[in-house]
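Engineer:
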Amino acid sequence: MTTTTTDRKRSTSPIISAGDVTFGYSDVSVLESVSVDVEPGAFLGLVGPNGSGKSTLLELMLGLRRLDDGTVSLFGQPAHEFDDGERIGYVAQDVTKAARDMPVTVREVVEMGRYPRRLFGRFSTEDRRAVSEAMERVGITDLASRRVGRLSGGQRQRVFVARALASEADLLALDEPTVSVDAESREEFYGLLHDLNATGLTVVLVEHDIGVVTTYATEVACLNRQLYFHGNPEEFVETDALARAYGTDQHVLHHDH
Amino acid sequence: MFVLHSRKIRALLDEAIAPLLLTVDVFAPVEWFLDHVFGAGMDVLAELLDTPMLGYPYMQRAYLAAFCIAVIGPLVGTFLVHRELSMIGDTLAHTAFAGVAVGLFLNSVLSLTLSPLLTAFVVAIGTALLVELLVEHADAYSDTSLAIVLTGGFAVGSILITATDGGIAVGIDAYLFGSLATVSTEDVGILVLMSLLVGSLVTVAYRPLLYVTFDATAARVARLNARLYKRLMVVLTALVVVSAMQIMGVILVAAMLVVPVAAAAQVAHSFKQSIFLAILAAEFAAITGVTLSYVYGIAAGGSIVVSAIGVYTVAVGFDKQTHWLPSVRRRNRRRPEHSPEELGANGGERE
Chain A
386 MTTTTTDRKR STSPIISAGD VTFGYSDVSV LESVSVDVEP GAFLGLVGPN
436 GSGKSTLLEL MLGLRRLDDG TVSLFGQPAH EFDDGERIGY VAQDVTKAAR
486 DMPVTVREVV EMGRYPRRLF GRFSTEDRRA VSEAMERVGI TDLASRRVGR
536 LSGGQRQRVF VARALASEAD LLALDEPTVS VDAESREEFY GLLHDLNATG
586 LTVVLVEHDI GVVTTYATEV ACLNRQLYFH GNPEEFVETD ALARAYGTDQ
636 HVLHHDH
Chain B
5 MFVLHSRKIR ALLDEAIAPL LLTVDVFAPV EWFLDHVFGA GMDVLAELLD
55 TPMLGYPYMQ RAYLAAFCIA VIGPLVGTFL VHRELSMIGD TLAHTAFAGV
105 AVGLFLNSVL SLTLSPLLTA FVVAIGTALL VELLVEHADA YSDTSLAIVL
155 TGGFAVGSIL ITATDGGIAV GIDAYLFGSL ATVSTEDVGI LVLMSLLVGS
205 LVTVAYRPLL YVTFDATAAR VARLNARLYK RLMVVLTALV VVSAMQIMGV
255 ILVAAMLVVP VAAAAQVAHS FKQSIFLAIL AAEFAAITGV TLSYVYGIAA
305 GGSIVVSAIG VYTVAVGFDK QTHWLPSVRR RNRRRPEHSP EELGANGGER
355 E
């Protein structure tokens with residue numbers, strides 16, 4: 386992306402490079418020969434119908450699963466061997482019920498972002514500064530001592546974004562992050578992602594709401610077991626990739642800013 | 005022929021176990037502590053409060069043991085409960101009973117002098133790792149598999165006990181229901197050492213344990229060795245359960261890992277605070293329970309657990325009282341913002 390204004394490490398090689406990724410659960414094929422590169426500074430929206438393998442592709446990209454065939458590299462290394470945990474932030478659909486019941490404060494969760502850098506031993510002033518700045522950035526400073534489980538869905542997802550910012554990640558991966566977020570906060574949440582992306586953070590977003598992706602992402606990848614489209618959102622809206630991937634006519638919601 | 009064979013095995017085993025028996029020397033400081041520091045202090049307390057009970061050495065041992073259990077139980081239990089693994093403590097306790105039976109059986113058949121506690125540790129740690137390995141392959145804890153391991157362990161234990169000469173006579177009741185009177189200085193020594201070991205391991209590995217408990221997937225993305233810390237968690241559980249088994253009893257020991265934690269989770273704000281409050285609740289229950297047990301001549305394990313459940317009930321009541329009003333207010337405030345009419349009016353579209 387040419388519009389990035391950033392002090393982050395700039396390199397021309399892709400942050401994620403997936404080549405001919407093939408994966409299946411026992412004898413059910415989930416992904417067939419999917420190739421997607423994520424360049425530094427991109428905001429990639431991964432869309433597709435339920436069961437299309439988009440979440441699985443994200444997990445493969447992050448090295449959480451092993452491929453059946455093909456290659457995935459993360460920051461230039463094979464994804465499963467990649468070891469700099471602090472460079473990736475991860476936001477899931479929602480925390481489990483057990484985690485919601487857990488007495489843990491917003492600050493404690495954001496501090497987890499520093500764990501890959503400091504798993505043992507005392508936090509330095511630098512660690513504490515990163516944590517407060519991250520909370521400040523997403524606007525949750527006044528929630529710092531609240532229990533995460535007692536926040537609204539939208540506030541909670543901001544906490545997880547702050548955790549990624551505290552670790553000074555280069556890549557933020559989100560798996561349908563607004564499933565349990567109300568419509569109004571959803572808008573704000575994606576606005577936040579858009580702003581963070583504009584400062585150079587690379588974002589990969591798995592999303593079922595196509596309107597969100599065409600509005601906020603700079604790139605769209607549409608898949609259903611195979612890759613149907615990868616390019617910019619404007620072109621995506623004009624092609625029939627969506628209809629082909631979903632197997633039916635699908636009305637595309639386009640959000641105006 | 006058989007005698008010769010079993011002698012050979014015995015010699016081999018004795019050789020293998022010799023280094024373990026050396027650890028008995030480690031108990032010397034504990035004995036010294038019991039006699040000169042803790043015991044002396046309790047003696048003074050007994051005189052001051054005019055309660056001779058506190059002066060009896062076996063009660064002093066019981067109080068020290070209960071104190072230790074109330075520290076390490078909730079310390080490890082806090083991670084287990086919030087990983088929805090409350091059942092694993094119970095499962096490991098029941099297999100630890102099989103471990104005790106294995107020890108008694110080996111002693112009787114091979115004329116060894118193994119401590120049943122040692123075999124209980126080995127069997128419980130082995131089962132803990134086995135259960136964790138099964139989970140790593142099945143991706144989720146299943147109540148069914150835990151129930152099979154739990155009952156299976158207990159079944160093997162009961163078979164071995166009855167197959168052991170004079171097995172019933174060894175006071176299995178003490179293991180099943182716990183006992184204050186049979187707690188030796190050595191038992192308290194093991195508990196003190198285990199408390200130091202478990203306490204320092206949790207302190208060192210606090211951050212990865214917390215991350216894995218709260219959000220295992222994000223912990224893996226952050227490249228923490230989630231498997232290692234999950235395994236550490238179950239091994240720590242095995243250590244706690246076996247050390248506490250003699251006071252609490254196999255059947256009730258798991259309560260110390262669960263009930264005080266559940267009480268603390270009602271009122272705590274942060275995770276650190278919840279560990280601290282859980283230990284406080286457990287200390288209160290343990291000391292109350294041991295005292296009641298002496299005064300009324302009732303089972304210690306049972307009275308500790310009932311006291312802990314009492315604390316839990318109070319905590320639930322406290323939580324209801326403090327959260328009921330604000331939560332109603334919050335709901336009322338939010339309702340107009342998200343009325344179904346409004347959502348329908350703009351057709352779910354965003355501007």
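Line by line, the protein sequences are chains A and B.
For the first sequence, the working numbering assigns the number 642 to the last residue and increments by one with no breaks.
For the second sequence, the working numbering assigns the number 355 to the last residue and increments by one with no breaks.
Glycine is no exception: its CB is placed at the ideal position from the N, C-alpha and C atoms.
Computed from a predicted structure; not experimentally measured.
#1: For chain A, find out if any of its Cβ atoms is closer than 8 Å to the Cβ of residue 269 of chain B; answer yes or no.
#2: Closest Cβ-Cβ distance between residue 574 of chain A and chain B: below 8 Å?
#3: Check whether the Cβ of residue 594 of chain A lies closer than 8 Å to any Cβ atom in chain B.
#4: Closer than 9 Å, Cβ to any Cβ of chain B: which residues of the segment 399 to 425 of chain A, in chain order?
#5: Please confirm whether residue 490 of chain A has its beta-carbon closer than 8 Å to some beta-carbon of chain B.
#6: Looking at chain A, which residues of the segment 206 to 223 of chain B have a Cβ within less than 7 Å of any of its Cβ atoms?
#7: Does any residue of chain B have a CB that is nearer than 8 Å to the CB of residue 501 of chain A?
#8: Quick one: which chain A residues come within Cβ less than 8 Å of residue 87 of chain B?
#9: Alpha carbon to alpha carbon, how far is residue 168 of chain B from residue 503 of chain A?
#10: Contact check, residue 548 of chain A vs residue 494 of chain A under 8 Å by CB: the rounded distance?
#11: Measuring straight from C-alpha to C-alpha, what distance separates residue 627 of chain A and residue 160 of chain B?
#12: For residue 33 of chain B, count neighbouring C-beta atoms within 10 Å of its own C-beta (all shown protein chains included) and say buried if the count is 16 or more, exposed if not.
#13: Kindly identify the DSSP beta-bridge partner or partners of residue 615 of chain A.
#14: Do three or more CB pairs link the segment 570 to 583 of chain A to the segment 506 to 518 of chain A at distances below 8 Å?
#15: Could you round the C-beta distance between residue 455 of chain A and residue 406 of chain A to whole angstroms and report it? I think they count as a contact, below 8 Å.
#16: Could you tell me which of B:60, B:46 and B:82 sits nearest to residue 278 of chain B, measuring between CA atoms?
#17: Mapping DSSP to helix, strand and coil, what is residue 533 of chain A?
#18: Taking residue 180 of chain B and residue 254 of chain B to be in contact with their CB atoms under 8 Å, please state how far apart those CB atoms are, rounded to whole angstroms.
#19: Starting from residue 473 of chain A and walking both ways along the beta strand (DSSP E), at which residues does that stretch end?
#20: Considering only the beta carbon of each residue, do residue 38 of chain B and residue 189 of chain B sit closer than 8 Å?
#21: Quick one: give me the first and last residue of the beta strand (DSSP E) that residue 591 of chain A is part of.
#22: Compare the C-beta of residue 228 of chain B with all C-beta atoms of chain A and state if any pair is closer than 8 Å.
#23: Any idea if residue 473 of chain A is buried or exposed, counting beta-carbon neighbours within 10 angstroms, 16 or more meaning buried?
#24: What separation, rounded to the nearest whole angstrom, lies between the Cα atoms of residue 251 of chain B and residue 177 of chain B?
#25: For a test of the three-state rule: what should DSSP assign to residue 59 of chain B, helix, strand or coil?
#26: For residue 482 of chain A, does the count of other Cβ atoms within 10 angstroms reach 16, so buried, or fall short, so exposed?
#27: At a Cβ threshold of 8 Å, is residue 273 of chain B touching chain A?
#28: Could you tell me the distance, in whole angstroms, from the CA atom of residue 447 of chain A to the CA atom of residue 578 of chain A?
#29: I'd like to check one pair, residue 216 of chain B with residue 226 of chain B: are the Cβ atoms closer than 8 Å?
#30: Below 8 Å, can you find three or more Cβ-Cβ pairs linking the segment 36 to 54 of chain B to the segment 202 to 215 of chain B?
#31: For a cutoff of 8 Å on Cβ pairs, would you count residue 294 of chain B as touching chain A?
#32: By Cβ distance below 8 Å, which residues in the same chain neighbour residue 337 of chain B in space, the five residues on each side in sequence not counted?
#33: Report all residues from its chain with a CB closer than 8 Å to the CB of residue 332 of chain B; omit the five preceding and five following residues, and keep chain order.
#34: By DSSP, does residue 414 of chain A sit in helix, in strand, or in coil?
#35: Could you tell me if the beta carbon of residue 227 of chain B falls within a distance shorter than 7 Å of some heavy atom in the ligand GDP?
#36: When you compare the CB positions of residue 514 of chain A and residue 552 of chain A, do they come within less than 8 Å of one another, or not?
Structural biologist: In terms of the structure at hand:
#1: yes
#2: no
#3: no
#4: Residues: none.
#5: yes
#6: Going along the segment 206 to 223 of chain B in chain order, one finds 208, 211, 212, 215, 218, 219, 221 and 222 with a Cβ nearer than 7 Å to chain A.
#7: yes
#8: 483
#9: 52 Å
#10: 6 Å
#11: When only Cα atoms are considered, residue 627 of chain A and residue 160 of chain B end up about 60 Å apart.
#12: exposed
#13: A:606
#14: no
#15: 4 Å
#16: B:82
#17: helix
#18: 5 Å
#19: 473 to 476
#20: In this structure, residue 189 of chain B lies closer than 8 Å to residue 38 of chain B by Cβ.
#21: Residue 591 of chain A -> beta strand (DSSP E) spans 587 to 591.
#22: yes
#23: buried
#24: 11 Å
#25: For residue 59 of chain B, the secondary structure class from DSSP, reduced to helix, strand or coil, is helix.
#26: exposed
#27: yes
#28: 19 Å
#29: no
#30: no
#31: By this cut-off, residue 294 of chain B is not an interface position.
#32: In this prediction, residue 337 of chain B has a pLDDT of 43, which is less than 50 and means its spatial position is unreliable; nothing more can be read from the coordinates.
#33: With a pLDDT of only 44 at residue 332 of chain B, under 50, the local geometry of the prediction cannot be trusted, and no value is derived from it.
#34: strand
#35: Judged by which ligands are present, the structure shown has none, so any question about the ligand GDP falls away.
#36: no
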